[in-house]
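Below: the structure, in structure tokens.
There are 2 protein chains.
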Amino acid sequence: MKTLTKRQEEILNLIKSHISDFGFPPTRADIARTLGFKSPNAAEQHLRAIEKKGFISILSGASRGIVLSNAQNDEIPVIGLVAAGGPILAEENVEKTIPRSKNLLSSEIDFYLRVKGDSMVDVGIFEEDLIGVSKKTNPKTGSIVVARINNEVTVKTLIELNQSKVVLRPENQNYSDIEINPSVDELVIEGSCVALIRESI
Amino acid sequence: MKTLTKRQEEILNLIKSHISDFGFPPTRADIARTLGFKSPNAAEQHLRAIEKKGFISILSGASRGIVLSNAQNDEIPVIGLVAAGGPILAEENVEKTIPRSKNLLSSEIDFYLRVKGDSMVDVGIFEEDLIGVSKKTNPKTGSIVVARINNEVTVKTLIELNQSKVVLRPENQNYSDIEINPSVDELVIEGSCVALIRESI
DNA sequence: CAATATACTGTATATAATTACAGTAATAAT
DNA sequence: ATTATTACTGTAATTATATACAGTATATTG
Numbered sequence: 194m195k196t197l198t199k200r201q202e203e204i205l206n207l208i209k210s211h212i213s214d215f216g217f218p219p220t221r222a223d224i225a226r227t228l229g230f231k232s233p234n235a236a237e238q239h240l241r242a243i244e245k246k247g248f249i250s251i252l253s254g255a256s257r258g259i260v261l262s263n264a265q266n267d268e269i270p271v272i273g274l275v276a277a278g279g280p281i282l283a284e285e286n287v288e289k290t291i292p293r294s295k296n297l298l299s300s301e302i303d304f305y306l307r308v309k310g311d312s313m314v315d316v317g318i319f320e321e322d323l324i325g326v327s328k329k330t331n332p333k334t335g336s337i338v339v340a341r342i343n344n345e346v347t348v349k350t351l352i353e354l355n356q357s358k359v360v361l362r363p364e365n366q367n368y369s370d371i372e373i374n375p376s377v378d379e380l381v382i383e384g385s386c387v388a389l390i391r392e393s394i
Numbered sequence: 194m195k196t197l198t199k200r201q202e203e204i205l206n207l208i209k210s211h212i213s214d215f216g217f218p219p220t221r222a223d224i225a226r227t228l229g230f231k232s233p234n235a236a237e238q239h240l241r242a243i244e245k246k247g248f249i250s251i252l253s254g255a256s257r258g259i260v261l262s263n264a265q266n267d268e269i270p271v272i273g274l275v276a277a278g279g280p281i282l283a284e285e286n287v288e289k290t291i292p293r294s295k296n297l298l299s300s301e302i303d304f305y306l307r308v309k310g311d312s313m314v315d316v317g318i319f320e321e322d323l324i325g326v327s328k329k330t331n332p333k334t335g336s337i338v339v340a341r342i343n344n345e346v347t348v349k350t351l352i353e354l355n356q357s358k359v360v361l362r363p364e365n366q367n368y369s370d371i372e373i374n375p376s377v378d379e380l381v382i383e384g385s386c387v388a389l390i391r392e393s394i
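Residue numbers (our numbering), protein chains in the order written: chain A, 194 to 394; chain B, 194 to 394.
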């Protein structure tokens, strides 16, 4: 997707906030009024440019017919079973999506991962729970991370992180620490856990 | 709030599904077309009736200016500290609200309750977690319930439920079962836990 | 029994809104 | 150097939309 100019982004934000304020998109005249344009055609042409770049689509003939593209809806993917090889966010891994909402959870969640197994029960993470994962938050020792060891995805507490040695701890007395030598086994830290959803109790 | 007639409810649902499908409300003509009215005025008059009953408001002069009333937005309240006396859902107890979304959690959640204390850690319910509570689901023994004992709100597993004796179990080895005689202590089962959200890990 | 609410048809009109056409001017890309 | 993009003004026409007015008919309420 191409990038918007400053002005185009301003208009896209105006559309979003109008929808959030009123429940429906603005008209060309609304946009012109808000930004001080003397002609509604200025808004029209901006909208066409934003549409061309794929951020919105415009339903012809319909008043207020501005539809935000899916990428604008900002839905968070839920990752179920991760297929071996390929990126974790690949489409075939996406079980469903959940809308990002202002008052729910931190805004930094990049995806949810459905937990398999009972290796983290001692910190209250159960099988089938959805953990909210942030890719940005750089993993610190002591934090719960999503790691990929030789294409196997796992959730563990990060205990030690060096170039020669990585230690991951299951939070369950029945399991013992996992020691990895990154030069032998392929290891990727996909992100840190920042939230949790249990859909049924 | 007054109750809608069958037809009015049909129209309100049409409005909601139009918003969900297109991102903006329908016009009078849209409504008339969908329901087979031969006059847009039929839609207009239904809208006025629905507005009068408080379910929507109509912005005059604006196209598609149908705004769902707050009650229609279907936000789930988050209950923080519960003030002694009065209903649990009283406004002063509401910390914030969370939009109900199709793909997230069961639709039967009536409110979220912020957990205080560590009495349920063994079933993965931690302090500050939000538990989704359903009032409808009638409490069975073995299920986790929100109970009110003499105006104190607590989350426990329901073990026994008779007219003469109620047993609530904390899921934490450090605590012991609570036995209540409903003829001595005031007891209200507010609902059952059906979901959980942990906003920070 | 009259008044009010429900549930429409049918017509009409003012205004809201999209959208085309004709320009101007500065900047970025090929 | 020319073309495309960005960022607008200004005008105007067509269509989309809200909304008023005049009816008809049935059901419900006071």
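Where is the CB? At the ideal position from N, CA and C, for every residue including glycine.
Check: I'd like the list of long-range same chain contacts for A:VAL287, defined as Cβ closer than 6 Å, with 5 residues on each side in sequence excluded.; Outcome: PRO270
Check: Taking only three categories from DSSP, how would you classify B:ALA388?; Outcome: strand
Check: Quick one: Cα of B:GLY216 to Cα of B:PRO375, how far?; Outcome: 51 Å
Check: Going by C-alpha distance, which of B:GLY335, B:ASP322, B:GLU345 is nearest A:ARG391?; Outcome: B:ASP322
Check: Figure out for me which residue from A:PHE319, A:GLU301, A:ASN344 has the closest Cα to the Cα of A:SER385.; Outcome: A:GLU301
Check: Residues of chain B with a CB under 9 Å from the CB of A:SER294: which are they?; Outcome: ILE291, PRO292, SER294, LEU297
Check: For B:GLU345, which three-state DSSP category applies?; Outcome: strand
Check: Hey, how far is the Cα of B:VAL387 from the Cα of A:TYR305?; Outcome: 19 Å
Check: What does A:PHE248 touch in chain B if you count any residue whose Cβ is under 8 Å from its own?; Outcome: Within 8 Å Cβ-Cβ: nothing; A:PHE248 doesn't reach chain B, min ~13 Å.
Check: Measuring only between beta-carbons, confirm whether B:ASP322 sits less than 9 Å from chain A.; Outcome: yes
Check: Please report how far the alpha carbon of A:ASN365 lies from the alpha carbon of A:SER393, in whole angstroms.; Outcome: 22 Å
Check: Would you say B:PHE400 faces chain A, with C-beta separation under 9 Å as the test?; Outcome: Past the boundaries of the shown model lies residue 400 of chain B; chain B is included only from 194 to 394, so the question cannot be answered.
Check: Quick one: Cα of A:SER213 to Cα of A:LEU380, how far?; Outcome: 42 Å
Check: For B:PRO218 and B:ARG307, what's the separation of their Cα atoms in angstroms?; Outcome: 35 Å
Check: Grab the span of the beta strand (DSSP E) containing B:ILE249 for me, first residue to last.; Outcome: 249-251
Check: Please list, in chain order, all residues of the same chain as B:THR347 whose beta carbon is under 7 Å from its beta carbon, the five residues on each side excluded.; Outcome: ALA340
Check: Under 9 Å, do A:ILE259 and A:SER250 count as touching if we go by C-beta distance?; Outcome: yes
Check: What residue from B:SER210, B:ARG362, B:GLY317 has the CA that sits closest to B:PRO335's CA?; Outcome: According to the sequence provided, residue 335 of chain B is Gly. The question's Pro does not apply to it. With distances taken between Cα atoms, B:GLY335 lies closest to B:ARG362.
Check: From B:LYS231 to B:LYS195, what does the alpha carbon distance come to, in whole angstroms?; Outcome: 28 Å
Check: Could you pull the DSSP bridge partners for A:PHE304 from this structure?; Outcome: A:VAL326
Check: I'd like to check one pair, A:ASP267 with A:LEU282: are the Cβ atoms closer than 9 Å?; Outcome: no
Check: What in chain A is Cβ-close to B:PRO218, meaning under 9 Å?; Outcome: GLY216, PHE217, ARG257
Check: For chain A, check one thing: does any of its Cβ atoms lie closer than 9 Å to the Cβ of B:PHE319?; Outcome: yes
Check: Quick check on the DSSP output: the alpha helix (DSSP H) that includes B:ILE208 runs from which residue to which?; Outcome: 199-215
Check: Which one of B:ASN263, B:VAL359, B:GLU383 has the shortest CA to CA distance from B:GLU372?; Outcome: B:VAL359
Check: Using three-state DSSP, classify A:ARG293 as helix, strand or coil.; Outcome: coil
Check: The beta strand (DSSP E) with B:GLU372 in it runs from where to where?; Outcome: 371-373
Check: Between A:SER393 and chain B, is the shortest Cβ-Cβ distance under 9 Å, so that the two count as touching?; Outcome: yes
Check: For B:ALA388 and chain A, any beta-carbon pair shorter than 9 Å?; Outcome: yes
Check: In chain B, which residues lie with their C-beta within 9 Å of the C-beta of A:VAL260?; Outcome: PHE215, GLY216, PHE217
Check: For the beta strand (DSSP E) containing B:GLU237, name the first residue and the last one.; Outcome: Element bounds for B:GLU237: not the beta strand (DSSP E) but the alpha helix (DSSP H), 233-245.
Check: Excluding the five sequence neighbours on either side, which residues of its own chain have a C-beta within less than 8 Å of the C-beta of B:ARG293, listed in chain order?; Outcome: ASP267, GLU268, ILE269, SER300, ILE302
Check: Would you call the CB atoms of B:ILE243 and B:LEU274 closer than 9 Å?; Outcome: no
Check: Is any beta-carbon of chain B found at less than 9 Å from that of A:VAL314?; Outcome: yes
Check: Taking the straight line between their C-alpha atoms, what separation do you get for A:LEU261 and A:ARG241?; Outcome: 13 Å
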